[in-house]
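Peer 1: Under the numbering used here, think of the first position of the sequence shown as 483, with each following residue one higher.
Backbone N, C-alpha and C define an ideal beta-carbon position, used for all residues, glycine too.
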Amino acid sequence: MPHAAILAVASYLPERRLTNADLERLVDTSDEWIVSRTGICERHVAAPDESTSDLAAKAGAAALARAGVAPAEVDLLIVATSSPDMLFPATACLAARKMGLSCPAFDLSAACTGFIYAIGQATSAIESGRSRTVLVIGADVLTRLIDFTDRGTCILFGDGAGALVMRASEKPGVLGVHLGADGSGADLLSLRAGGSARPCSVEALRDGDNFIKMNGSEVFKFAVRQIPIVTRQALQESGLTVDDVTWLVPHQANTRITATVAERLGIPAARVVERIADVGNTSTASIPLALDALYTGGNLHAGDVLALVGFGAGLTWGAAIVTWTGEE
């Protein structure tokens, strides 16, 4: 049976930056308040003519170029997103057109855990022999879904995209993926309008249901409880322990969450990758953005063991344990 390995990682961020000072002019908040509670200093915002598929295509094309893989070699495209261009066609199909791909393509919706779910799907496709080369992208333009009068959410989210090129290999790459979901917590983080349950209407717009709603304290409790559990589960299934982890690469939602998770796992801060300060919470893009920063900083080497962990609306959670086999 072939193994699934990561050939390359890349990312894309829009040019415009929205700083904490900018937000101070919009809502009752301050740079000190935001940084002390989230670790965020600024976030990137898509240009008016940029959509999620644009960001996805730019990150995907960069990953293919870095891997030396031609578009014609891609057998499958998976785009994890919580902010698709439209309900249909899939953002993956729109991004595929922009990258010149001609392969099966679909969107995956698992909120901020979506990138881990997508790695799981790509790994299954490769290990089964149905695909040899899979392009996995996490992309979101969450600033289009935010009420900028709600200081509880507008300070958190930014736009961006990240991508992995995965390919069949004789060397073990993805060692294990463990996923979970609990719909009883669905109301803790949601965007209620725009689907079949509550179509977009004057009433929905009046109630602000076209914007992200979040119970931050409950999401925090869920994350710091569940992420150490799923990380250990994925490590056990991979035949490894926490001591084997070179880098913990968590979903970048809040530095306090990251610090608490690392402490409960017993992983020192020096082995935890953080990228939230300059990008904010980019949902499905946050893990590949952090991984790309690790790679471009020269800190990712062949044989490194990565624990990629995520959590998000659903509620969903997941962890992927990966041995880095890409070029140094």
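By a C-beta neighbour count over all protein chains shown, 10 Å radius and 16 as the cutoff for buried, is Gly458 buried or exposed?
Peer 2: The chain is shown only over 483 to 810; residue 458 falls outside these bounds and no answer can be derived.
Peer 1: Counting only the same chain and skipping the five closest in sequence on each side, list residues whose C-beta sits under 8 Å from that of Thr631.
Peer 2: Leu508 and Val509
Peer 1: Can you tell me which of Thr501, Ala547 and Thr534 puts its alpha carbon nearest to the alpha carbon of Val647?
Peer 2: Ala547
Peer 1: Grab me the residues of Val556's own chain with a C-beta within less than 6 Å of its C-beta, minus the 5 sequence neighbours each way, in chain order.
Peer 2: Hits under 6 Å: Leu583, Cys585, Thr615 and Leu617.
Peer 1: Near Val791, what residues of its chain come up, given a Cβ to Cβ distance below 6 Å and the 5 sequence neighbours on each side ignored?
Peer 2: The beta carbon of Val791 sits closer than 6 Å to the beta carbons of Ile709, Thr713, Pro732 and Ala801 from its chain, once the five residues preceding and following it are set aside; these are given in chain order.
Peer 1: Which full runs of the alpha helix (DSSP H) of 4+ residues lie inside the stretch 707-779, going along the chain?
Peer 2: 737-747, 758-761 and 768-778
Peer 1: Is the beta carbon of Leu569 closer than 9 Å to that of Phe588?
Peer 2: no
Peer 1: Could you tell me the alpha carbon to alpha carbon distance between Tyr494 and Ala528, rounded to whole angstroms?
Peer 2: 11 Å
Peer 1: Is there a Cβ from chain D that is less than 9 Å from the Cβ of Leu670?
Peer 2: Looking for chain D here will not work: only one protein chain is present.
Peer 1: What residue ranges within the stretch 527-599 form continuous beta strand (DSSP E) runs of no fewer than 3 residues, ordered along the chain?
Peer 2: 558-562 and 587-590
Peer 1: Please determine if the stretch 631-644 and the stretch 533-544 are in contact, where contact requires at least 3 C-beta pairs separated by less than 8 Å.
Peer 2: yes
Peer 1: Going by Cα to Cα distance, which pick from Ile516, Ala492, Glu497 and Val491 is closest to Ala503?
Peer 2: Ile516
Peer 1: Suppose the cutoff is 7 Å on Cβ atoms and the five residues either side in sequence are ignored; what does the same chain contact list for Glu810 look like?
Peer 2: Confidence at Glu810 is low in this model, with a pLDDT of 39, below 50, so its placement is unreliable and no value can be given for it.
Peer 1: Less than 9 Å separating the beta-carbons of Thr501 and Val623?
Peer 2: no
Peer 1: Can you tell me which of the three DSSP states Asp669 falls into?
Peer 2: helix
Peer 1: Which of the three DSSP states, helix, strand or coil, is assigned to Thr615?
Peer 2: Thr615 falls in the strand class under three-state DSSP.
Peer 1: Is Asp622 helix, strand or coil when you go by DSSP?
Peer 2: strand
Peer 1: Let's see if you can read the secondary structure: which residues bound the alpha helix (DSSP H) around Leu505?
Peer 2: Asn502 to Glu506
Peer 1: Between Gly634 and Gly596, how many whole angstroms is the CB-CB distance? I'm expecting something under 8 Å.
Peer 2: So it is not a contact: roughly 22 Å between Cβ atoms.
Peer 1: Between the C-alpha atoms of Arg579 and Ser651, what's the straight-line distance to the nearest angstrom?
Peer 2: 27 Å
Peer 1: Taking Gln715 as the reference, which of Ala789, Ala735 and Met581 has the closest Cα?
Peer 2: Taking only the C-alpha atoms, the option nearest Gln715 is Ala789.
Peer 1: From the DSSP output, in three-state form, read off Ser518 for me.
Peer 2: Residue state, collapsed to three classes: helix.
Peer 1: Which class does Gly640 belong to by DSSP, given the choice of helix, strand or coil?
Peer 2: In the structure shown, Gly640 falls within a coil segment according to DSSP collapsed to helix, strand and coil.
Peer 1: Tell me the DSSP secondary structure of Phe896 in three-state form.
Peer 2: It is not possible to answer for residue 896, since the shown part of the chain is limited to 483 through 810.
Peer 1: Got a sec? Which residues, its chain only, sit under 7 Å from Glu700 by beta carbon, not counting five neighbours each side?
Peer 2: Leu670
Peer 1: Which whole-angstrom value describes the C-beta separation of Ile739 and Ala705, a residue pair presumed to lie in contact below a C-beta threshold of 8 Å?
Peer 2: 5 Å
Peer 1: Answer with buried or exposed for Arg649, where buried requires no fewer than 16 other C-beta atoms within 10 angstroms of its C-beta.
Peer 2: Arg649 is buried by the Cβ-count criterion.
Peer 1: What separation, rounded to the nearest whole angstrom, lies between the Cα atoms of Ser564 and Asn763?
Peer 2: 12 Å
Peer 1: On the DSSP bridge list, what partners appear for Arg498?
Peer 2: Its beta-bridge partners are Val527.
Peer 1: Please name the residue, chosen from Ile711, Thr737 and Ile769, that lies closest to Arg746 on a Cα-to-Cα basis.
Peer 2: The shortest Cα separation from Arg746 among Ile711, Thr737 and Ile769 belongs to Ile711.
Peer 1: What does Val787 pair with, by DSSP beta-bridge criteria?
Peer 2: By DSSP's assignment, Val787 forms a beta bridge with Thr805.
Peer 1: So, with DSSP's three-state summary, where would you put Gly634?
Peer 2: helix
Peer 1: Can you give me the start and stop residues for the alpha helix (DSSP H) that Leu782 sits inside?
Peer 2: Careful: Leu782 lies outside any alpha helix (DSSP H) and carries neither H nor E.
Peer 1: Identify the continuous beta strand (DSSP E) that holds Val684 and give its terminal residues.
Peer 2: Premise fails: Val684 lies in the alpha helix (DSSP H), Val684 to Arg688, not in any beta strand (DSSP E).
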